[in-house]
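Order-wise, the sequence lines are chains A and B.
Residue 7 is where the first sequence starts when you use the numbering used here, and the numbers rise one by one after that.
Residue 7 is where the second sequence starts when you use the numbering used here, and the numbers rise one by one after that.
Ideal Cβ placement from N, Cα and C applies to all residues, glycine included.
What you are looking at is a predicted structure, and each value in this text was computed from that prediction instead of being measured.
Read through the structure below, which is laid out as structure tokens, and then see the notes.
Protein chains: 2
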Amino acid sequence: METPIEQAVAILRRNQLKITKQRQALLDYLVTYQDHYVAISAVDEHMRTLFAGMSHNTIYRNIKEFETLGLLELKAQANQTLVKYQCDFKHQHHHHFVCSNCGKVTELQACPLDEYEAQLPGCTITGHRIEIYGLCAACTTKQAINS
Amino acid sequence: METPIEQAVAILRRNQLKITKQRQALLDYLVTYQDHYVAISAVDEHMRTLFAGMSHNTIYRNIKEFETLGLLELKAQANQTLVKYQCDFKHQHHHHFVCSNCGKVTELQACPLDEYEAQLPGCTITGHRIEIYGLCAACTTKQAINS
DNA sequence: AGACTAAATAGTAATGGTTATTATTTAGTG
DNA sequence: CACTAAATAATAACCATTACTATTTAGTCT
């Protein structure tokens with residue numbers, strides 16, 4: 007039974023990337039956010055307090071590399087980019103519900119792409135993104151109590 | 007038969023916003039992109055060549071105001087924000103197909119929200135976004151010819 | 001174990017989209 | 001025409017991200 011980090015390290019090796027302390031530290035941190043999006047700049051700040059002397063460049067570069075390997079998922083937001091650990095190495099197709107209070111991500115089943123495809127004759131579909139926003143069950147309950 | 011700009015101006019008045027030269031110029035420009043997303047920074051650059059002395063602040067502030075009025079639609083992208091004129095003042099619910107070559111936006115019918123809602127017991131859904139990417143019919147044809 | 005080499009990193013500075021600040025101007029109103 | 005709140009111009013600042021380059025290091029080969 008491989009841990010997520012062991013799986014990730016295996017993927018790095020498979021792609022001839024060196025297993026540096028910095029990359030391991032990054033993975034260790036990101037794996038704690040498997041189902042939440044975090045701002046890359048917050049990851050940057052955190053890593054640089056943990057390891058004084060770690061360079062911005064290293065963090066941003068590795069996050070991008072990890073994304074191309076499928077280890078992470080990136081998402082553009084106003085003024086910054088969010089990152090989430092991608093535990094699903096099989097790349098199963100799914101979509102997301104994102105809690106706007108705590109940031110928790112829930113995977114959703116079902117995909118209506120076929121229905122839309124029928125509305126786009128002659129077009130070439132290369133990708134799509136479906137995202138639902140709101141409060142997760144826990145945050146919905148909390149909100150009800152505090153009001 | 008009101009033009010889109012007349013409609014927009016009416017909305018500004020209705021919200022006690024002043025009809026300035028700058029706002030009119032912005033609307034005039036944005037209305038030419040009714041079905042395409044443009045980078046706000048590109049709008050900024052364009053407006054400042056057309057009207058020397060127009061301030062960044064004025065452009066960004068007004069675009070945000072227009073968005074809250076429902077005149078525009080904003081979309082976060084890596085490193086910048088895109089804007090699209092929202093001609094649909096009735097706020098009919100729909101989703102988008104975006105051509106990644108020419109930027110053309112096609113509105114799509116149908117929304118699978120109900121299906122997803124059933125997967126989120128106890129949650130509060132506040133919004134959602136569905137976007138499909140690819141090449142529009144015209145760009146698909148062009149690509150076929152050039153290859 | 002030691003040497004080698006390409007890859008990775010640190011340290012620093014720059015970039016660029018966006019926002020803040022404040023004095024000045026202006027649209028709408030009476 | 002005068003008045004006033006709102007809007008703008010002209011900066012400068014902010015801050016996430018990227019660029020640059022000298023130095024270090026992981027992996028490999030003896």
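Quick one: measure Cβ to Cβ for residue i and residue j, integer angstroms, because I've assumed they're closer than 8 Å.
i, j, result
"Arg54 (chain B)", "Met60 (chain B)", "5 Å"
"Tyr122 (chain A)", "Ile138 (chain B)", "6 Å"
"Val37 (chain B)", "Tyr91 (chain B)", "6 Å"
"Gln115 (chain B)", "His100 (chain B)", "7 Å"
"Tyr35 (chain B)", "His52 (chain B)", "7 Å"
Inspect the beta-carbon positions of residue i and residue j and report whether they are closer than 7 Å.
i, j, result
"Cys145 (chain B)", "Cys117 (chain B)", "no"
"Leu88 (chain A)", "Tyr43 (chain A)", "yes"
"Ala143 (chain B)", "Cys129 (chain A)", "yes"
"Ala14 (chain A)", "Leu32 (chain A)", "no"
"Gly133 (chain B)", "Thr132 (chain A)", "no"
"Ala82 (chain B)", "Gln86 (chain A)", "no"
"Gln22 (chain A)", "Thr64 (chain A)", "no"
"Ile136 (chain A)", "Ile136 (chain B)", "yes"
Quick check: the Cα distance between residue i and residue j, rounded to an integer number of angstroms?
i, j, result
"Glu71 (chain B)", "Ile25 (chain A)", "48 Å"
"Leu80 (chain A)", "Gln98 (chain B)", "30 Å"
"Ala16 (chain A)", "Glu73 (chain B)", "46 Å"
"Arg20 (chain B)", "Val111 (chain B)", "29 Å"
"Val104 (chain A)", "Ala58 (chain B)", "43 Å"
"His62 (chain B)", "Leu56 (chain B)", "13 Å"
"Lys148 (chain B)", "Asp41 (chain B)", "20 Å"
"Ser153 (chain A)", "Leu77 (chain A)", "40 Å"
"Asp120 (chain A)", "Asp120 (chain B)", "17 Å"
"Gln125 (chain B)", "Ser106 (chain A)", "17 Å"
"Ile69 (chain A)", "Leu18 (chain B)", "44 Å"
"Pro127 (chain B)", "Glu8 (chain B)", "45 Å"
"Gln30 (chain A)", "Glu113 (chain B)", "44 Å"
Any beta-carbon of chain A closer than 7 Å to the one on residue i?
i, result
"Gly140 (chain B)", "yes"
"Gly134 (chain B)", "Going by the sequence as given, residue 134 (chain B) is His instead of Gly. Yes, because at least one Cβ of chain A sits closer than 7 Å to the Cβ of His134 (chain B)."
"Gln83 (chain B)", "yes"
"Phe103 (chain B)", "yes"
"Ala143 (chain B)", "yes"
"Ser122 (chain B)", "One detail in the question is off: residue 122 (chain B) reads as Tyr in this sequence, not Ser. Chain A contact via Cβ: present."
"Thr146 (chain B)", "yes"
"Glu79 (chain B)", "no"
"Glu137 (chain B)", "yes"
Examine chain B for any beta-carbon lying closer than 7 Å to the beta-carbon of residue i, and answer yes or no.
i, result
"Ala48 (chain A)", "no"
"Gln125 (chain A)", "yes"
"Leu114 (chain A)", "yes"
"Gly109 (chain A)", "no"
"Thr130 (chain A)", "yes"
"Glu71 (chain A)", "no"
"Glu51 (chain A)", "no"
"Pro10 (chain A)", "no"
message: To test your reading of the DSSP string, which unbroken alpha helix (DSSP H) runs of 4 or more residues are found completely within the stretch 41-114 of chain A?
response: Assignment of alpha helix (DSSP H) within the stretch 41-114 of chain A, counting only whole runs of 4 or more residues, yields 46-56, 62-74 in chain order.
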